[in-house]
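According to the numbering used here, the sequence shown is numbered sequentially starting from 73.
Below you'll find the structure, written out as C-alpha cells, and then a few comments.
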Amino acid sequence: MVSRTVYRFAPSPNGFLHLGHAFSALFTYKAAREDNGRFLLRIEDIDRIRCKDEFIYQIYDDLAWLGLEWQQPVRRQSDHMADYKKALDRLAALGVTYKCFATRTEIRLAAERQHGAGKAPCDPDGALVYPGLYRGLESDKTAQFVAEARPFCIRLDMKKALDMVGGSLTFFESGSGPQQQTGKLVCQPEAWGDVIITRKDVPTSYHLSVVVDDALQGVTRITRGQDLFYATAVHRLLQTLLELPEPQYTHHSLIRDQTGRRLSKSAVDKSLKSLRQEGCSREEIYALIGLALV
C-alpha cells in the first residue's frame with residue numbers, strides 16, 4: 073500500500089491572519105487535495121508573550137470560513153516542550169551546542185570590533201551573524217554564570233555541526249526561492265552562523281520545533297512562503313544531525329501590497345477578520361489572492 077503524502081499549514085497565533093496567510097493556507101490545502109494527501113493544521117505557539125488563545129480561535133474560524141478542513145487533533149507546540157527537550161539533549165550529546173549569555177548590545181559591539189561599524193555580515197534574515205562570544209567558554213565559567221541566574225540561549229556550533237555531518241547538504245525544491253532557485257539545491261547553513269536553538273525566554277526555537285514537529289507528524293511535503301526559503305538550510309542540517317526524514321519543499325510567492333512590500337502582522341496589514349466584518353465574501357478573498365479551491 074502506497075503511503076499518502078502529508079502537508080501542513082502552521083501559523084503562529086501572535087496576531088490575526090491576513091491575505092498572505094490565506095494564500096499560503098489555500099495553496100497548501102489545494103496541493104494536498106490534488107495529491108490525495110493529508111492536510112494538517114499546526115499551531116506554532118512557542119512565544120508565550122505574543123501568542124494568545126483569541127488568535128487561535130480566530131485562525132480556526134477564518135480557515136473554516138475559507139472552506140478548509142483539517143485532521144484532528146491540532147498539534148499545539150506549547151503542549152510538546154518535552155519533544156523539543158529530547159531533541160536538544162541529543163544535540164548536546166553530539167557536542168554541537170553551547171550556552172550563550174550575550175546580550176544584543178554585546179553582539180553588536182563585538183561584531184563592530186571584528187568587522188568595523190556597518191560592515192559586519194548579516195544572516196539571510198538581516199540580523200548580525202553571531203560573532204562567537206561564549207563559544208568555547210570553560211565549563212566552570214558556564215556553571216558560574218548559570219548559578220548567577222544570567223539569562224542564556226543555546227546556540228548551535230555551526231562549524232562543529234557541519235564537520236559532523238560531512239559533505240554538502242542538499243534539498244529538493246519543487247517551487248522556487250527568491251532568486252528562482254529550483255530543483256536539487258545545495259544548502260548553505262553557514263550563512264546563519266551559530267543559530268539559536270533555544271531562546272532565552274523559551275526552551276526551544278522556531279528552527280528546532282519545526283523540524284521535530286514535521287518528523288513526528290510524518291510531514292512529507294512542506295509548502296511555505298519564499299521568506300522561509302533560506303531557513304531550509306538550517307532545517308536540513310538539524311534533520312541530518314537528529315537523523316530525521318527529509319521532506320520535499322515547495323516555496324511559493326508572497327502576497328504584497330501596491331508598493332511591493334510583503335504583508336505582515338507587524339505592519340498591521342488588514343486581517344481576514346476585518347475584511348469579513350466589512351462584508352468581503354469568500355469568493356472575493358479568492359479573487360484578491362488569485363487562488364481558489366476549485
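C-beta atoms are modelled at their ideal positions from N, C-alpha and C, and glycine is treated no differently.
All of these numbers come straight from a predicted model, not from anything done at the bench.
Inclusion of Thr254 and Glu245 in the CB contact set at 9 Å is warranted, their separation being smaller than that value. Counting the other Cβ atoms within 10 Å of the Cβ of Val218 gives fewer than 16, which makes it exposed. Taking C-alpha positions only, Ala136 is separated from Leu280 by approximately 29 Å. Runs of the alpha helix (DSSP H) lying entirely within the segment 255-327 and spanning at least 4 residues, in chain order: 278-288, 303-313. Annotation for Gly249: Gln298, Phe301, His323 place their beta carbon closer than 7 Å to its own, counting only its chain and skipping 5 residues before and after.
When C-alpha distances from Val146 are compared across Ser343, Glu116, Gly247, the shortest belongs to Glu116. Here Leu113 carries a strand assignment [DSSP, helix/strand/coil].
The beta-carbon distance between Leu91 and Ile361, rounded to whole angstroms, is 6 Å. This is short enough to meet the 8 Å contact definition. Contact annotation: Ile118 and Leu89 have beta-carbon atoms that are not nearer than 9 Å.
With contacts defined by Cβ atoms closer than 9 Å, Pro196 and Ala183 do not form a contacting pair. The three-state reading of DSSP puts Thr77 in coil, since its state is none of H, G, I, E or B. By the neighbour-count criterion, in which 16 or more other beta carbons inside 10 Å mark a residue as buried, Tyr129 falls on the exposed side. Under the criterion of beta carbons closer than 8 Å, Arg227 and Ile179 do not qualify as touching, at roughly 11 Å.
Restricting attention to Arg354, Tyr206, Leu347, Leu314, the CA atom closest to the CA of Ala165 is found in Leu314. By DSSP's assignment, Leu228 forms a beta bridge with Thr169. For Glu126, the enclosing alpha helix (DSSP H) starts and ends at 125-138. Unbroken alpha helix (DSSP H) stretches of 4 residues or longer found wholly inside the segment 171-254: 176-187, 211-219, 230-237, given in chain order. Between Asp229 and Val284, the CB-CB gap reaches or exceeds 9 Å.
Across the structure, Ser277 and Leu309 are spaced so that their CA atoms are roughly 15 Å apart.
In its own chain, leaving out the 5 sequence neighbours on each side, no residue places its CB closer than 6 Å to the CB of Asp161. Approximately 6 Å separates the beta-carbon atoms of Leu344 and Ala94; this is inside 8 Å, confirming the contact.
Between Pro319 and Asp286, the beta carbon gap of about 6 Å places them in contact (Cβ cut-off 8 Å).
In this structure Pro275 is in contact with Lys157, their Cβ atoms being roughly 7 Å apart against a cut-off of 8 Å. In this model, Ala221 and Arg293 are separated by some 41 Å (Cα to Cα).
Taken atom to atom, the span from the alpha-carbon of Asp125 to that of Pro85 is near 8 Å.
For Ser150, same chain residues with a beta-carbon under 6 Å away, outside a window of 5 residues either side, are Asp117 in chain order. Here DSSP, grouped into helix, strand and coil, assigns Ser96 to helix.
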